[in-house]
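Numbering (my numbering), first residue to last: 102 to 327.
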């Protein structure tokens, strides 16, 4: 078996420790930055919903400023964002290189996208449910948790899937400029040294990660749908 693998993917077989480390770095970036982006994006998405025109806490100033800020950051290409946030990354985490240094731009690049996804998910809630909750005397906080968030769990899981898969692409892009992970592994060996088997294996690993995220998310959607 080992001899067969050496014949098919010789360059990968020669560096299993580096491949494993790259996978661990990708999961580290995905889990930490994804968790932070999930919390911040969920909060901002909720704020967008409740402060929009005819929202339960309508506030044109807050909605306009937040919407404008999100749109601004969403329009910045991630590669440019990586370079622009170097001083900020050093101030926050003490470094701008490696997996730790990539965390800040990954969060900043993901939160605007995810907050819009959350806004879209919460917008699918029937306005009649919100009105019914208001008529029964529910507080704005109660409506947020018992109506918006509870009733839109399948939609939130679905947009989280989309965002997580997008975040995998961003981690690979961060790796291309020294952020570590599978992107760095593929660029360093697959591209710069012409080891195409490294590139193919990297793509296969990423596809497996994406497939796992989709399967796990679909399972939660199935369990939470009613």
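Where a beta carbon is used, it is the ideal one built from N, C-alpha and C, also for glycine. Nothing here was measured: the structure is a model prediction, and the numbers come from that model.
Whole-Å CB distance - residue i paired with residue j, under 8 Å assumed
| i | j | result |
| --- | --- | --- |
| residue 200 | residue 281 | 4 Å |
| residue 273 | residue 314 | Contact flag wrong, Cβ pair sits at about 15 Å. |
| residue 220 | residue 149 | 5 Å |
Buried versus exposed call for residue i [16 or more other C-beta atoms within 10 Å across all chains shown]
| i | result |
| --- | --- |
| residue 123 | buried |
| residue 169 | exposed |
| residue 181 | exposed |
| residue 312 | exposed |
| residue 216 | buried |
| residue 197 | buried |
| residue 142 | buried |
| residue 173 | exposed |
| residue 120 | buried |
| residue 206 | buried |
| residue 318 | buried |
| residue 186 | buried |
| residue 189 | exposed |
| residue 271 | buried |
Proximity winner among the options, relative to residue i (alpha-carbon distances)
| i | options | result |
| --- | --- | --- |
| residue 208 | 285, 150, 137, 289 | 137 |
| residue 323 | 291, 297, 255 | 255 |
| residue 130 | 245, 285, 156, 173 | 285 |
| residue 210 | 269, 287, 125 | 269 |
| residue 212 | 189, 175, 250, 326 | 175 |
| residue 184 | 275, 316, 301, 326 | 275 |
| residue 320 | 259, 302, 304 | 259 |
| residue 110 | 299, 187, 214, 244 | 299 |
| residue 128 | 257, 163, 179, 283 | 283 |
| residue 113 | 304, 325, 235, 310 | 304 |
Which of helix, strand or coil DSSP assigns to residue i
| i | result |
| --- | --- |
| residue 125 | helix |
| residue 319 | helix |
| residue 166 | helix |
| residue 217 | helix |
| residue 281 | coil |
| residue 197 | coil |
| residue 298 | helix |
| residue 225 | coil |
| residue 112 | helix |
| residue 243 | helix |
| residue 159 | coil |
| residue 235 | helix |
| residue 176 | coil |
Nearest-angstrom Cα separation, counted from residue j out to residue i
| i | j | result |
| --- | --- | --- |
| residue 191 | residue 202 | 7 Å |
| residue 158 | residue 241 | 7 Å |
| residue 336 | residue 145 | Here the chain has residues from 102 to 327 only, and residue 336 is not among them. |
| residue 165 | residue 135 | 26 Å |
| residue 252 | residue 226 | 7 Å |
| residue 294 | residue 261 | 36 Å |
| residue 247 | residue 139 | 19 Å |
| residue 118 | residue 237 | 60 Å |
| residue 297 | residue 291 | 5 Å |
| residue 193 | residue 171 | 21 Å |
| residue 179 | residue 243 | 37 Å |
| residue 161 | residue 250 | 22 Å |
heavy atom of the ligand COA below 7 Å from residue i C-beta
| i | result |
| --- | --- |
| residue 205 | As far as ligands go, the structure on display features none, and thus does not contain the ligand COA. |
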